[in-house]
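Beneath this line is the structure, given in structure tokens, with notes to follow.
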Amino acid sequence: MSTNIHSHSLLLKLNSLVAFASFFGIASLVSGQKKDMPREDVVDFPAVGEALCVHNLFQSDMVLQRDKPIPIWGWAKPGEKVSVSFSGQTKEAKAGKDRAWKITLPAMEANAEPQTLTVKGKDKTLTLENVLVGDVWVLGGQSNMEEPLQHVENGKLEIVSANYPGIRILTVPAQNGPKEKKGFARLHEWSNWSSRHFRKGDWDVCSPEVARELSAIGYVFARRLHMAAQVPIGVIDASRGGTTVETWTPTPVLKKIETKEVKGLLAGWDKKITEFDPRKDLEKRVENHHNW
Numbered sequence: 010m011s012t013n014i015h016s017h018s019l020l021l022k023l024n025s026l027v028a029f030a031s032f033f034g035i036a037s038l039v040s041g042q043k044k045d046m047p048r049e050d051v052v053d054f055p056a057v058g059e060a061l062c063v064h065n066l067f068q069s070d071m072v073l074q075r076d077k078p079i080p081i082w083g084w085a086k087p088g089e090k091v092s093v094s095f096s097g098q099t100k101e102a103k104a105g106k107d108r109a110w111k112i113t114l115p116a117m118e119a120n121a122e123p124q125t126l127t128v129k130g131k132d133k134t135l136t137l138e139n140v141l142v143g144d145v146w147v148l149g150g151q152s153n154m155e156e157p158l159q160h161v162e163n164g165k166l167e168i169v170s171a172n173y174p175g176i177r178i179l180t181v182p183a184q185n186g187p188k189e190k191k192g193f194a195r196l197h198e199w200s201n202w203s204s205r206h207f208r209k210g211d212w213d214v215c216s217p218e219v220a221r222e223l224s225a226i227g228y229v230f231a232r233r234l235h236m237a238a239q240v241p242i243g244v245i246d247a248s249r250g251g252t253t254v255e256t257w258t259p260t261p262v263l264k265k266i267e268t269k270e271v272k273g274l275l276a277g278w279d280k281k282i283t284e285f286d287p288r289k290d291l292e293k294r295v296e297n298h299h300n301w
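In the numbering used here, the protein residues as written are 10 to 301.
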């Protein structure tokens, strides 16, 4: 009898701890948002800056891929010389007429010690701190990959213990349209469904506040790999519910596929674009909303 009472008491304490930590995780996350933001996307850093800048894949707290050459790219004034230094290596490039520049650092072994990467131009220096070298994985897929850790069974227990300095997380903002995107913004993405902003486009060190909104599959995958391989792990979540494999494929590539199915799909897309009426579409959405 005493053993059962003790076990029950221990379970109650554990549940209280989970609820307590979960509450403060939510409070911390919400308090970290900017106050009085408009109910729309609020951009902190654009996809392409006006002066010397790097692609937003490259930030403080990121993980670079081990054992392979490391490309780093960005934009500067046309003709501007740019140098990139990291882990005792320095490479230089010159920005083209389109402002684009790119260098490639040599392959490096995994390194869990935080390092600094610097990007120098004529009048500006960018400093990216707390950079690790390990394995980087892209999380792609539909809503089953997108589903956050806080919504799955036993997710709260995982969230409480999600303190892993060697795991880094980047969630890519959603982007629309058929045109190729040069990059993505770092922003507070507004959700009409949740009536709140979600911070997207920033590399973060894995913590309970960050992991709760990460893909549940992605988090467990990253944690198990990190514990098994004992190297830094970076996960880039680009998943988006309801997407098909064709929407992940550049249009020029799709147009080269000579199958009846793909040709029919492209023709269907072109027809929808040609016949699209924004006013009728809005009226239909309003009607659906009232009938829901």
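Quick reminder that beta carbons are idealized off the backbone N, C-alpha and C, glycines included.
Keep in mind that this is a model prediction, so the values were computed, not measured.
Per DSSP, F54 is paired with what?
F54 pairs with R195.
Taking Cβ to Cβ, would you say D70 is nearer than 9 angstroms to V140?
For D70 and V140, yes; Cβs fall inside 9 angstroms.
Candidates S224, V214, A56, R75: closest to G150 by CA position
G150 has its Cα closest to that of S224, out of S224, V214, A56, R75.
Same chain, Cβ closer than 7 angstroms to P174, five either side skipped, listed in chain order
Correct list, in chain order: V214.
Closest Cα partner of V93 within the set W84, M154, A238, L114:
The residue from W84, M154, A238, L114 with its alpha-carbon nearest to that of V93 is L114.
Determine the burial state of E200: buried for a count of at least 16 other Cβ atoms within 10 Å of its Cβ, exposed for fewer.
Residue 200 is actually Ser in this sequence, not Glu. So S200 counts as exposed.
What separation, rounded to the nearest whole angstrom, lies between the Cα atoms of V161 and M117?
Answer to the nearest angstrom: the Cα atoms are 37 angstroms apart.
Between the Cα of N120 and those of V91, K106, D76, spot the shortest distance and give me the residue it belongs to.
Distance check between N120 and each of V91, K106, D76 places D76 closest, using alpha-carbon atoms only.
Start-to-end residues for the alpha helix (DSSP H) that takes in N65
First-last for N65: undefined, no H or E at that position.
Kindly indicate which three-state DSSP category D279 falls into: helix, strand or coil?
Secondary structure of D279 (DSSP, three-state): helix.
Cβ-based burial, R294 [other Cβ within 10 Å; buried from 16]:
R294 is exposed by the Cβ-count criterion.
Do you know offhand how far E89's Cα is from K131's?
Our two residues, E89 and K131, have alpha carbons roughly 7 angstroms apart in a direct line.
Mind checking whether V244 and I168 have CB atoms under 9 angstroms apart?
Their beta carbons are not under 9 angstroms apart, which means V244 does not touch I168 by this criterion.
Could you tell me which residues DSSP puts in a beta bridge with R208?
Bridge partners of R208: H197.
Give the C-beta separation of I176 and I112 to the nearest angstrom, bearing in mind that I take them to be a contact with Cβ-Cβ under 8 angstroms.
Not really, about 27 angstroms apart at Cβ, beyond 8 angstroms.
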